[in-house]
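Input: a single structure, listed below in structure tokens.
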Amino acid sequence: MDEIIVQAKGITKYFPGVLANNHIDFELKKGEIHTLLGENGAGKSTLMNILDGIYHPDEGEIYIKGKKVHIQNPFDAMANSIGMIHQHFMLVDTLTVLENVALGLKSQGLYIDKKEISKQIETISKKYHFNINPYSKIWQLSVGEQQRVEIIKTLFRKAEILILDEPTAVLTPQESEDLFKILNQLLKEGKSIIFISHKLDEVMEISDRITVLRKGKVVGTVHKKDVTKGYLAKMMVGREVLFSLERKPLKRRGEVLKVKELEAYNDKGFKALKKISFSVFGGEIFGIAGISGNGQKILAQTITGLRRATRGKTILNDADITNASPKVIANKGVNYIPPDRLKVGLIPNLDTTENAILRSYDREPITKRNFIDHQKAAEYAKSLIRKFNIMVPRIDAPVKLLSGGNMQKLLLAREIAERPKLLIAVHPTRGLDVGATEFIRKQLLKERDNGLAVLLISEDLDEILMVSDRIGVIYEGQIMKVINIEDAERNKIGLLMAGVNSPKN
Amino acid sequence: MNVTATSILITLLATTVRSGTILLFPTIGEIFAERAGILNLGIEGMIIIGAFFGFVVSYTTQNPYLGFVVGMLAGGIASLIHAFISITLRGNQVVSGLALTIFGLGITSFYGQKWINNKLPESIHAVAIPGLSKIPFIGPVFFKQDYIVYFSYILVLVMWLILYKTKPGIHLRAAGQNARAADAMGVNVNATRYFWTFFGGLMAGAGGAYLTVAYATFWLEGITAGRGWIAVALVIFAMWNPVNALIGAYLFGGIDALQFQLQASGTTIPSSLLSMQPYLLTFIIIIIATLIVRARHLGAPKELGTPYAREEK
Numbered sequence: 087m088d089e090i091i092v093q094a095k096g097i098t099k100y101f102p103g104v105l106a107n108n109h110i111d112f113e114l115k116k117g118e119i120h121t122l123l124g125e126n127g128a129g130k131s132t133l134m135n136i137l138d139g140i141y142h143p144d145e146g147e148i149y150i151k152g153k154k155v156h157i158q159n160p161f162d163a164m165a166n167s168i169g170m171i172h173q174h175f176m177l178v179d180t181l182t183v184l185e186n187v188a189l190g191l192k193s194q195g196l197y198i199d200k201k202e203i204s205k206q207i208e209t210i211s212k213k214y215h216f217n218i219n220p221y222s223k224i225w226q227l228s229v230g231e232q233q234r235v236e237i238i239k240t241l242f243r244k245a246e247i248l249i250l251d252e253p254t255a256v257l258t259p260q261e262s263e264d265l266f267k268i269l270n271q272l273l274k275e276g277k278s279i280i281f282i283s284h285k286l287d288e289v290m291e292i293s294d295r296i297t298v299l300r301k302g303k304v305v306g307t308v309h310k311k312d313v314t315k316g317y318l319a320k321m322m323v324g325r326e327v328l329f330s331l332e333r334k335p336l337k338r339r340g341e342v343l344k345v346k347e348l349e350a351y352n353d354k355g356f357k358a359l360k361k362i363s364f365s366v367f368g369g370e371i372f373g374i375a376g377i378s379g380n381g382q383k384i385l386a387q388t389i390t391g392l393r394r395a396t397r398g399k400t401i402l403n404d405a406d407i408t409n410a411s412p413k414v415i416a417n418k419g420v421n422y423i424p425p426d427r428l429k430v431g432l433i434p435n436l437d438t439t440e441n442a443i444l445r446s447y448d449r450e451p452i453t454k455r456n457f458i459d460h461q462k463a464a465e466y467a468k469s470l471i472r473k474f475n476i477m478v479p480r481i482d483a484p485v486k487l488l489s490g491g492n493m494q495k496l497l498l499a500r501e502i503a504e505r506p507k508l509l510i511a512v513h514p515t516r517g518l519d520v521g522a523t524e525f526i527r528k529q530l531l532k533e534r535d536n537g538l539a540v541l542l543i544s545e546d547l548d549e550i551l552m553v554s555d556r557i558g559v560i561y562e563g564q565i566m567k568v569i570n571i572e573d574a575e576r577n578k579i580g581l582l583m584a585g586v587n588s589p590k591n
Numbered sequence: 006m007n008v009t010a011t012s013i014l015i016t017l018l019a020t021t022v023r024s025g026t027i028l029l030f031p032t033i034g035e036i037f038a039e040r041a042g043i044l045n046l047g048i049e050g051m052i053i054i055g056a057f058f059g060f061v062v063s064y065t066t067q068n069p070y071l072g073f074v075v076g077m078l079a080g081g082i083a084s085l086i087h088a089f090i091s092i093t094l095r096g097n098q099v100v101s102g103l104a105l106t107i108f109g110l111g112i113t114s115f116y117g118q119k120w121i122n123n124k125l126p127e128s129i130h131a132v133a134i135p136g137l138s139k140i141p142f143i144g145p146v147f148f149k150q151d152y153i154v155y156f157s158y159i160l161v162l163v164m165w166l167i168l169y170k171t172k173p174g175i176h177l178r179a180a181g182q183n184a185r186a187a188d189a190m191g192v193n194v195n196a197t198r199y200f201w202t203f204f205g206g207l208m209a210g211a212g213g214a215y216l217t218v219a220y221a222t223f224w225l226e227g228i229t230a231g232r233g234w235i236a237v238a239l240v241i242f243a244m245w246n247p248v249n250a251l252i253g254a255y256l257f258g259g260i261d262a263l264q265f266q267l268q269a270s271g272t273t274i275p276s277s278l279l280s281m282q283p284y285l286l287t288f289i290i291i292i293i294a295t296l297i298v299r300a301r302h303l304g305a306p307k308e309l310g311t312p313y314a315r316e317e318k
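These protein sequences, in sequence, are chains A and B. Residues in the first sequence are numbered from 87 upward in steps of one, following the numbering used here. Residues in the second sequence are numbered from 6 upward in steps of one, following the numbering used here.
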């Protein structure tokens, strides 16, 4: 049990301007689950990509089963029985499961022995109760199934060491439980697992040992039984962390947004919203929980006028805003924090001032007699920077140089400054560190206390549970159920997210 | 249908196959380059380079088959310029491709001056396949052709098999759809892309060489007359499938053959209007193909035109 199967010594990796890994030591024992814990940008993925041969370390050595190895590429990693399951799946959508498994196999001739491979896939699939058809195309599978295909790929190649990079980020709570069962079965068969995560609950559930990384350095390695969640959080962030936010009692006001039997299509031409109906009131945060791809993005786009509704209505304070232009909708008091801050929310190559005035550039005081008053614009931007404590290198530097947290703060500041009646926030804290996440959530709560109606769309169930007053669970473009926060149970919501509406008992 | 009408139709269709073959090679080549993720708009340039070298070698050695092979290789070598810029240097593939087209047209115009109006002493001739060529109607259209046309039939089949049934086929599709995933599975993305870009060049060269050593048998400045661009359109029409490429290529070949036949028969329609037909058809085809692609949710390879760098975040 104590055989050390992977040992990394003094791994250092530079990226332009960043020291992603700073002399990291890490070891994995045979038959254990060793978790790498750290915030976004702590260097977890970089370290694992080095083990997988995707990146090459600038310094340091790697030993597998006591033998020094130079892993040049993922194929080398596989030869050393390392199999990695990436956060963004390494699957080719248009190919079948079988073709994805066959990809890169060197053991065979020109032809693919489809029968033989499909037999092996089915054997693995049966053993772990995966229920995967080798001839399905990847795009036809759910995210959970795609993850199982990734596991099949590594097992097919006889991997002994499995690396899972934030595997639960895309799963429902139930799917995560299933995954953990699979991992435990793999352990029993003598495999060793490196598990990457920043979710403390699951880390405490599944790990044997935990190595905490912060800013590219190892903070320490601990046994799970010796630590608590709070202790880990402190190691990870470097200070005490609040697990819940202080919330004032709900002071619900009148109905602000009414969505009535709304329908819209996605980019592929499929109906993504199916007669969806709900209301959001002033002074409350209405959270929409659901697994990625169940219509959340389409819903936000349809309400904000970025996508055409083919049916139904959106009503803002008794005024019909269905299919009005985005600008008209914004001017009527709907503001929007889009899911992708660098693609939709901000213009990466424009500077802070220009991004700050994107909503208000055509009005007094910034525009006078059709010309932009740059002095006023800069003052306006500076006032936002002060109010939200945004760190900018220079006010005229392109906004893409800001950190994720500061970009998001700028975006939030710009939208809230418009004094909206309704704020739609989609994944407002995705990819942010703990500090910035806390800040954004507190701001949302503050605006709620001021009477703003907030529609929060997030795939992070913890976030939904932490700040929402009511939760609507979305599944395949419909609201399954609306639950008051007092009655919200993780398990029940998890089932609803998976489309199960009538829980037993 | 009387006997003369039938024989005219057979001649027309047989010419269609030959004219279509000029387009078929480059279209097949570009389908594979694009499937691997490389957009090469230099086809027009590579075709005319193939056509020029094919003609010159055939003329000087009096061996049209040698001319065909050299023309093909010339196209392949020209494509390596594009491969180097777009794969190794990760440059802009549109600009590089356009530059290759301009380069091809320019260099052949410059060195081609003295060859204008020379006719090949020896060109590639038709060889009837015993048995098959006796089938009424189909025989004389498809099986009284030259060896290169027969080669193109086999090529379509083989390339279809490679694309869908073999490992190299999966590798090249993966390289064009999700290079990172292909790399993670141990596929050498850049080598794959180099290979298929080179293959695209060989095929463009083959199309050009076929034009001058078998179809036209003379040299003219700009003899390709935009066929490379039609091939680019045919790739979309074919939805990146080699078998569909055959249909598309013959469709355009047919228009080409028809307008020649009409001009030769002394019609009163102005020749410039007739010559315009292939290009007009290109527009129509593109519109139809785009609608089909959209309706069926098929699309270009996802990473078409995107360079791949492993360590880029």
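Ideal Cβ placement from N, Cα and C applies to all residues, glycine included.
Item: Min CB distance B/LYS318 to chain A below 8 Å; Value: Note that B/LYS318 scores a pLDDT of 44, beneath 50, so its modelled location is shaky; the value from the coordinates is reported in the next line. True, the Cβ-Cβ gap to chain A drops below 8 Å.
Item: Opening and closing residue of the beta strand (DSSP E) in which B/ILE82 lies; Value: No beta strand (DSSP E) contains B/ILE82, which is instead part of the alpha helix (DSSP H) from 69-88.
Item: Straight-line gap, A/ALA416 to A/THR390 (C-alpha atoms, nearest Å); Value: 7 Å
Item: Chain A within 8 Å of B/ARG178, Cβ atoms only; Value: yes
Item: Per DSSP, cross-strand counterpart(s) of A/HIS309; Value: A/ARG295
Item: With 16 other Cβ atoms within 10 Å as the buried cut-off, status of B/VAL99; Value: exposed
Item: B/LEU239 beta carbon less than 8 Å from that of B/LEU44; Value: no
Item: Neighbour list for A/ASN159 in chain B, Cβ cutoff strictly below 7 Å; Value: GLY191
Item: Where A/GLY146 falls: helix, strand or coil (DSSP); Value: strand
Item: Distance between beta carbons of A/LEU114 and A/SER278, contact taken as under 8 Å; Value: 5 Å
Item: Residue-chain proximity (A/SER178, chain B), Cβ-Cβ < 8 Å; Value: Residue identity differs from the one stated: residue 178 of chain A is Val in this sequence, not Ser. Yes, because at least one Cβ of chain B sits closer than 8 Å to the Cβ of A/VAL178.
Item: Contact belief for A/ARG576 with A/LEU542 at Cβ below 8 Å, rounded distance in angstroms; Value: Not confirmed; about 17 Å, so no contact.
Item: Under 9 Å from the C-beta of A/HIS172: neighbouring residues of chain B; Value: ARG185, ALA186 and ALA189
Item: Helix, strand or coil at B/THR273 according to DSSP, with G and I counted as helix; Value: coil
Item: Minimum Cβ-Cβ distance from B/THR171 to chain A less than 8 Å; Value: yes
Item: Cα-Cα separation between A/LYS590 and A/ALA245, rounded to whole angstroms; Value: Because the pLDDT at A/LYS590 is just 41, under 50, the model does not fix this residue reliably, and the point stays unresolved.
Item: Rounded C-alpha distance that separates A/GLY195 from B/LYS172; Value: 8 Å
Item: Chain-order list of residues whose beta-carbon lies under 6 Å from that of B/GLY231 (same chain, five-residue window excluded); Value: none
Item: Interface flag, B/ILE175 vs chain A, CB-CB below 8 Å; Value: yes
Item: Test item: CB-CB of A/VAL323 and A/GLU125 under 8 Å; Value: yes
Item: Minimum C-alpha distance to A/GLY103 - residue among A/PRO259, A/SER489 and A/LYS337; Value: A/SER489
Item: Cβ of B/GLN182 within 8 Å of any chain A Cβ; Value: yes
Item: Listed by chain order, chain A residues near B/ARG315 by CB distance under 7 Å; Value: ILE140
Item: Spatially closest choice to A/ALA163 from A/LYS130, A/ILE247 and A/GLU504, by CA coordinates; Value: A/ILE247
Item: Below-8 Å beta-carbon distance, A/GLY517 vs any chain B residue; Value: no
Item: Cβ of A/LEU181 within 8 Å of any chain B Cβ; Value: yes
Item: Inter-stretch contact at 8 Å, needing at least 3 Cβ pairs: the stretch 37-57 of chain B / the stretch 202-209 of chain B; Value: yes
Item: DSSP-derived helix/strand/coil call for A/VAL327; Value: coil
Item: Between the CA atoms of A/VAL235 and B/TYR158 - distance to the nearest angstrom; Value: 38 Å
Item: Short CB-CB distance (under 8 Å) between A/ALA245 and chain B; Value: no
Item: DSSP three-state assignment for B/THR311, whether helix, strand or coil; Value: coil
Item: Unbroken stretches of the alpha helix (DSSP H), 4 residues or longer, contained in the stretch 265-295 of chain A; Value: 286-292
Item: B/PHE223, DSSP secondary structure in three states; Value: strand
Item: The alpha helix (DSSP H) enclosing B/ARG23, as first and last residue numbers; Value: 8-40
Item: Neighbour-count burial assignment, B/LYS318, 16 or more Cβ in a 10 Å radius; Value: Only weak support is given to the placement of B/LYS318: the predicted model assigns it a pLDDT of 44, under 50, and the question is left unresolved by the model.
Item: C-beta atoms of B/GLY72 and B/VAL218 nearer than 8 Å; Value: yes
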